[in-house]
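Heads up: the structure comes next, in structure tokens.
Here it is in structure tokens:
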């Protein structure tokens with residue numbers, strides 16, 4: 006089991022060594038992935054890496070998720086956090102403010118980009134076979150991963166997250182919502198579905214989780230996204246070009262305006278909620 010490191014630097018080094026051994030001991034072969042699928046995911050990850058620090062969507066995501074990270078780790082002296090499907094590892098910087106972080110992803114290019122940015126404790130693995138021992142983490146996160154899985158794998162993934170969370174620990178999940186907003190960016194990211202509160206709650210509770218909070222986010226983006234998706238379908242751009250435009254940082258005034266809008270939305274959503282939104286964020290707990 007992963008050991009907590011609070012006493013000294015020696016314990017921290019020992020912990021890292023044990024974790025590295027855990028990577029080697031518990032990583033298992035994953036199902037082969039088609040070459041064209043790998044190409045699409047790598048294309049998306051590289052585009053994402055260029056945009057993560059400045060793009061209004063990623064800034065807004067951090068505004069929405071931070072209060073729930075704080076809630077999930079409140080009162081814990083030095084929590085252990087695991088990001089499942091970490092991509093380039095960018096979110097580990099935010100998670101690192103709340104505890105010691107680990108991450109894994111199926112795609113090697115994302116991990117390489119993360120390592121080039123100085124992020125550590127990353128491993129290549131599948132979310133349906135998480136390479137860590139049971140009851141190890143105080144918080145497990147999954148940001149826009151379930152949408153890429155088929156129905157069998159999504160349940161296996163939720164069960165694996167439940168397994169590695171400690172009793173009383175939490176999972177924090179973000180998924181795409183509103184099927185009408187499915188677009189070319191979704192094609193590149195292998196998005197199979199978008200969720201409602203009902204379908205996400207059913208998935209998590211069926212694998213043992215108890216829902217703590219669930220809310221739609223990015224409600225203010227729904228009108229412009231609806232127009233954008235209609236234009237994409239009308240213009241018929243190749244998916245790669247259209248998706249790249251989705252994730253490209255817009256002109257500074259537009260980017261700033263949308264960043265401010267999402268910041269304001271993040272202030273009210275925790276109090277009164279949204280009736281809809283392009284994303285769905287959920288905090289759930291593993292019974293003690």
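In our numbering, the protein residues as written are 6 to 293.
Note that the Cβ used here is the ideal one computed from N, Cα and C, for glycine as well.
Because the structure is a prediction, the values reported are computed rather than measured.
Assigned secondary structure, residue 183 (DSSP; H/G/I helix, E/B strand, else coil):
Working through the chain shown from its first residue, we reach residue 183 at position 178. In the structure shown, residue 183 adopts coil according to DSSP, grouped into three states.
In the DSSP output, which residue or residues are listed as bridge partners for residue 161?
In the chain shown, residue 161 corresponds to position 156, counting from 1. DSSP lists no partner for residue 161.
Assign residue 274 to one of two classes, buried (16 or more other C-beta atoms within 10 Å of its C-beta) or exposed (fewer than that).
Numbered from 1 along the chain shown, position 269 holds the residue referred to as residue 274. It is buried - the Cβ of residue 274 has at least 16 other Cβ atoms within 10 Å.
Would you report the Cα separation of residue 187 and residue 223, rounded to the nearest angstrom?
In the chain shown, counting from the first residue as 1, residue 187 sits at position 182. In the chain shown, counting from the first residue as 1, residue 223 sits at position 218. C-alpha separation (whole angstroms): 15 Å.
Consult DSSP for residue 79 and reduce its assignment to one of helix, strand or coil.
As a working note, residue 79 is residue 74 in the chain shown. Coil, per DSSP.
How many whole angstroms separate the CB atoms of residue 293 and residue 175, which I take to be in contact at a CB cut-off of 8 Å?
In the chain shown, counting from the first residue as 1, residue 293 sits at position 288. In the chain shown, counting from the first residue as 1, residue 175 sits at position 170. Residue 293 to residue 175, Cβ: 11 Å. No contact.
Could you name the residues of the same chain whose beta carbon sits closer than 6 Å to that of residue 115, not counting the 5 residues immediately before and after it, in chain order?
Along the chain shown, read from residue 1 onward, the residue named residue 115 stands at position 110. Only 50, 92, 93 meet the Cβ criterion.
Using 8 Å for Cβ pairs, my map puts residue 196 next to residue 181. What's the rounded Cβ distance?
Numbered from its first residue, the chain shown carries residue 196 at position 191. Numbered from its first residue, the chain shown carries residue 181 at position 176. Yes, residue 196 and residue 181 are in contact; Cβ-Cβ is about 6 Å, under 8 Å.
Between the stretch 128-147 and the stretch 163-179, are three or more C-beta pairs nearer than 8 Å?
yes
Option in 117, 199, 255, 112 with minimal Cα separation from residue 155
What you label residue 155 is simply residue 150 of the chain shown in a count that begins at 1. Ranking the options by Cα distance to residue 155, first place goes to 199.
Can you tell me which of 120, 122, 128 puts its alpha carbon nearest to the alpha carbon of residue 111?
Along the chain shown, one-based indexing puts residue 111 at 106. Here the closest residue by C-alpha is 128.
What is the DSSP secondary structure of residue 227, counted as helix, strand or coil?
For the purposes of this step, residue 227 is taken as the residue at position 222 of the chain shown. Residue 227: helix per DSSP, three-state reduction.
Mind listing, in chain order, the continuous alpha helix (DSSP H) runs of no fewer than 4 residues lying wholly within the stretch 89-133?
96-100, 113-121
Run of the beta strand (DSSP E) containing residue 207, from where it starts to where it stops
Numbered from 1 along the chain shown, position 202 holds the residue referred to as residue 207. Not the beta strand (DSSP E): residue 207 falls in the alpha helix (DSSP H), residues 202-211.
Same chain, Cβ closer than 6 Å to residue 64, five either side skipped, listed in chain order
By one-based count along the chain shown, residue 64 stands at place 59. Result list for residue 64: 264, in chain order.
Nearest-angstrom Cα distance between residue 74 and residue 256?
Numbered from its first residue, the chain shown carries residue 74 at position 69. Numbered from its first residue, the chain shown carries residue 256 at position 251. For residue 74 and residue 256, the distance between alpha carbons rounds to 30 Å.
Buried versus exposed call for residue 135 [16 or more other C-beta atoms within 10 Å across all chains shown]
Your numbering for residue 135 matches position 130 in the chain shown. The residue in question, residue 135, is buried, as its Cβ has 16 or more Cβ neighbours within 10 Å.
Using the three-state DSSP reduction, which class does residue 238 fall into: helix, strand or coil?
As a first step, residue 238 must be located in the chain shown, where it is residue number 233. Three-state DSSP puts residue 238 in a helix.
For residue 209 and residue 227, I'd like the C-alpha separation in whole angstroms.
Numbered from its first residue, the chain shown carries residue 209 at position 204. Numbered from its first residue, the chain shown carries residue 227 at position 222. In a straight line, the C-alpha of residue 209 is about 25 Å away from that of residue 227.
For residue 86, the three-state DSSP class (helix, strand or coil):
For the purposes of this step, residue 86 is identified with residue 81 of the chain shown, where counting begins at 1. DSSP places residue 86 in strand when its eight states are reduced to three.
If you compare alpha carbons, which of 178, 79, 152 is closest to residue 87?
Against the chain shown, residue 87 aligns to sequence position 82. Closest by alpha carbon: 178.
Between the Cα of residue 81 and those of 286, 67, 103, spot the shortest distance and give me the residue it belongs to.
Locating residue 81 in the chain shown gives position 76, where the first residue counts as 1. Selected option, being the one with the closest Cα: 103.
In terms of residue numbering, what span does the beta strand (DSSP E) encompassing residue 145 cover?
Residue numbering aside, residue 145 sits at position 140 when the chain shown is read from its first letter. Element bounds for residue 145: 142-148.
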